[in-house]
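Here numbering that gives the first Met the number 0 is used: the first residue of the sequence shown is 0, the next is one more, and so on. Even for Gly, the Cβ is constructed at its ideal location relative to N, Cα and C. To start, the structure itself, in structure tokens.
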Amino acid sequence: MSGGLLTALIFLPLIGALFILMQSEERAIWNSAFIFSLLPLALSFYVLYEFNPQMADYQFVEQYDWIPTFGISYHIGIDGISLFLVLLTTILISLSILYSGGGDIEERPREFCFFMLVLETGLLGTLLSIDLFLFYMFWEVMLIPMYFLIGIWGHGRRIYAAIKFVLFTMVGSLLMLVGILYLVYQAHVHFNRTSFDLPLLYQVPLTATEARWLFAAFAVAFAVKVPMWPLHTWLPDAHTNAPTAGSVILAGVMLKMGTYGFLRFAIPLFPTVAVEAIPLFMALAVVGIIYGALVAMMQADLKRLVAYSSVSHLGFVMLGIFALNPQGIDGAIYQMLNHGVSTGGLFLLIGMLYVRRHTHEISEFGGLWKRVPVFAAIYIVVMLSSIGLPGLNGFVGEFLIMIGAFIRIRLAVVIAVVGVILEALYMLWAYERVWFGPIVKAVNETMSDLTGREIAVMVPVLALMLFMGLFPRPLISRMEPSVTAMLSRANFAEAQLEHERQLKRIATLPTLNHDREIAAAIR
């Protein structure tokens with residue numbers, strides 16, 4: 000069933016990147032890059048078509064010895080948790096290259112396309128790896144092209160933003176590497192076998208202290224990538240100064256590597272600690288939701304506003320993940336996809352505004368609806384998707400998250416609902432300032448509406464918003480078996496924790512009775 004399909008999916012973009020280095024004519028470069036982005040897109044749709052929605056385990060699995068002396072194998076596969084993230088990655092890369100080839104990137108297009116395709120290989124490899132060494136390798140690979148995309152083709156303080164992005168992410172990654180090595184060492188101690196294979200590492204017995212430290216190492220690495228409050232400070236700078244394609248991939252896919260990491264690694268590897276950490280992470284998620292919304296409302300820069308909205312949106316995803324029930328996690332995965340589509344769409348539209356005016360400042364716009372009605376109409380649909388209008392994709396994910404979190408901790412949902420209200424306020428207020436009112440800047444009178452290429456870029460985004468909003472079942476049904484399998488470990492851990500609490504309560508009873516007998520004898 001596999002036949003090297005996932006290997007082709009991962010490495011076709013890398014082959015395309017190498018092929019592009021041999022090109023010199025600009026139009027040939029863009030055409031080649033777009034074609035090599037369409038090949039993994041077609042393969043990802045084929046994987047979706049062949050995917051068995053009843054299976055909870057990995058499908059299309061490929062496993063070969065790579066460095067057997069150290070227990071490292073080339074082990075890849077796909078399940079319901081990673082399936083649609085892979086599809087989202089291939090869609091957004093193709094749309095970003097299609098958009099960038101229309102004039103957004105004017106300098107060094109060959110290098111730009113090279114880094115975009117290398118980035119796609121890193122992202123897909125991260126999502127499909129089952130061996131932890133392979134995962135970590137791809138995890139680090141995806142940092143390098145994004146660093147260059149921000150640092151070379153970005154705007155403003157691009158070098159500062161690129162360095163800050165790498166430093167934050169690498170510090171977290173080094174902690175995770177230490178955790179991975181210690182986990183592998185424990186596997187060798189208990190099983191007399193050195194292995195980085197994830198299914199085996201799930202079974203490694205750990206003391207409570209070991210599990211807590213290891214969970215913390217993984218959790219910090221993933222929380223930086225999400226990014227969770229208060230580890231989010233690299234994100235607004237990276238988004239604000241990145242080129243449009245960089246912002247689309249950063250928001251649409253790279254942030255999901257953090258939430259995916261919690262679902263794939265941190266929670267299943269250390270389920271007991273994950274259950275213990277529910278109150279902490281739900282509290283941090285709620286703080287992120289409210290903080291991100293309030294700070295977004297105060298932004299004068301349209302791109303920075305959307306960047307802070309991501310902090311709020313990803314707070315909802317973390318809220319759903321740490322509900323640790325099917326409703327919450329299904330909603331979290333769905334919201335990961337929603338955020339990729341909606342926020343990716345917003346960054347594309349903001350990029351189209353920047354091409355026309357070379358500014359993101361909200362005060363520089365106003366009254367644009369009169370000049371560019373098609374642009375304004377598409378923007379309002381994407382904006383309504385982002386704030387969760389029923390009938391569009393954002394509503395389904397938030398609704399499921401709220402249900403799951405309400406089952407777990409009701410107070411968290413009561414507070415998080417305020418974030419939903421604030422989100423609608425700052426998005427609608429920004430839309431009113433950009434698109435309605437009088438035209439106060441003379442240059443806006445000459446603004447042109449969307450081109451055919453720009454409309455072609457946005458049509459798939461709009462189609463996804465409508466399909467995911469009206470027909471969520473085909474997606475959720477393919478997630479559920481894998482989510483249920485993952486949760487079985489967390490549910491077992493919760494039962495184990497409750498059992499341990501009962502044992503501790505029972506153990507204290509004889510002592511209490513003995514103390515009462517001594518007191519009675521004294522009296």
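Reference residue i; option with closest CA among the options
i, options, result
"Val373", "Leu126, Ile454 and Glu275", "Ile454"
"Leu5", "Ile248, Gln58, Ala27 and Met21", "Gln58"
"Arg26", "Thr88, Gly101, Val272 and Ala237", "Gly101"
"Ala273", "Phe214, Leu199 and Leu318", "Phe214"
"Leu200", "Leu427, Trp428 and Phe269", "Phe269"
"Phe147", "Leu463, Phe264, Ile9 and Ala237", "Ala237"
"Tyr98", "Ala186, Leu11, Leu17 and Thr243", "Thr243"
"Phe10", "Ser23, Thr271 and Leu40", "Leu40"
"Phe69", "Gln62, Phe137, Thr193 and Trp138", "Thr193"
"Leu84", "Val381, Ser43, Tyr48 and Tyr430", "Ser43"
"Arg407", "Leu205, Leu486 and Ala322", "Ala322"
"Val117", "Phe132, Gly171, Thr89 and Leu131", "Thr89"
"Pro325", "Gly403, Ile149, Lys302 and Phe195", "Gly403"
"Phe164", "Ala220, Leu347 and Ala331", "Ala220"
"Pro266", "Leu249, Ala218 and Gln202", "The question names Pro, yet the displayed sequence has Ile at residue 266. Closest by alpha carbon: Ala218."
"Trp152", "Ser246, Leu86 and Arg488", "Ser246"
Pairwise C-alpha distance: residue j and residue i
i, j, result
"Lys255", "Val225", "6 Å"
"Tyr184", "Leu399", "39 Å"
"Gly291", "Glu422", "9 Å"
"Ala376", "Glu275", "46 Å"
"Leu173", "Ile96", "32 Å"
"Ser385", "Ile66", "45 Å"
"Ile143", "Ile162", "11 Å"
"Tyr353", "His359", "6 Å"
"Met175", "Leu133", "13 Å"
"Thr239", "Val380", "23 Å"
"Gly451", "Tyr159", "35 Å"
"Tyr564", "Asp196", "No statement about residue 564 is possible, as the shown extent of the chain runs from 0 to 522 and does not include it."
Burial state of residue i, where buried means 16 or more other Cβ atoms lie within 10 Å
i, result
"Val46", "buried"
"His231", "buried"
"Asn191", "exposed"
"Trp428", "exposed"
"Leu17", "exposed"
"Glu119", "buried"
"Ala299", "exposed"
"Val412", "buried"
"Asp130", "buried"
"Thr510", "Note that Thr510 scores 48 on pLDDT, short of 50, meaning its location in the model is unreliable and no value can be drawn from it."
"Leu345", "buried"
"Gly3", "exposed"
DSSP three-state assignment for residue i, whether helix, strand or coil
i, result
"His338", "helix"
"Phe50", "coil"
"His231", "coil"
"Asp448", "coil"
"Phe269", "coil"
"Val177", "helix"
"Gly436", "coil"
"Asp56", "coil"
"Glu105", "coil"
"His312", "helix"
"His74", "strand"
"Tyr333", "helix"
"Glu397", "helix"
"Ser23", "coil"
"Tyr45", "helix"
"Ile80", "coil"
"Ile90", "helix"
"Tyr201", "coil"
"Ile386", "coil"
"Ile408", "coil"
"Ser194", "coil"
beta-carbon residue i near the ligand GDP non-hydrogen atom, thresh 7 Å
i, result
"Val170", "Looking at this structure, you won't find the ligand GDP or any other ligand, since it has none at all."
For the pair the region 97-117 and the region 32-41, tell me if three or more CB-CB distances fall below 8 Å.
A contact between stretches requires three or more CB pairs, one per stretch, nearer than 8 Å, and the region 97-117 meets this requirement with the region 32-41.
Would you check if there are 3 or more beta carbon pairs closer than 8 Å linking the region 439-450 to the region 355-371?
Under the Cβ criterion (8 Å, minimum of three pairs), the region 439-450 counts as touching the region 355-371.
Can we say the region 476-489 touches the region 392-409, given the rule of at least three CB pairs closer than 8 Å?
No, they do not touch.
Quick one: any contact between the region 310-327 and the region 278-294, if contact means 3 or more CB pairs under 8 Å?
They touch, by the three-pair rule.
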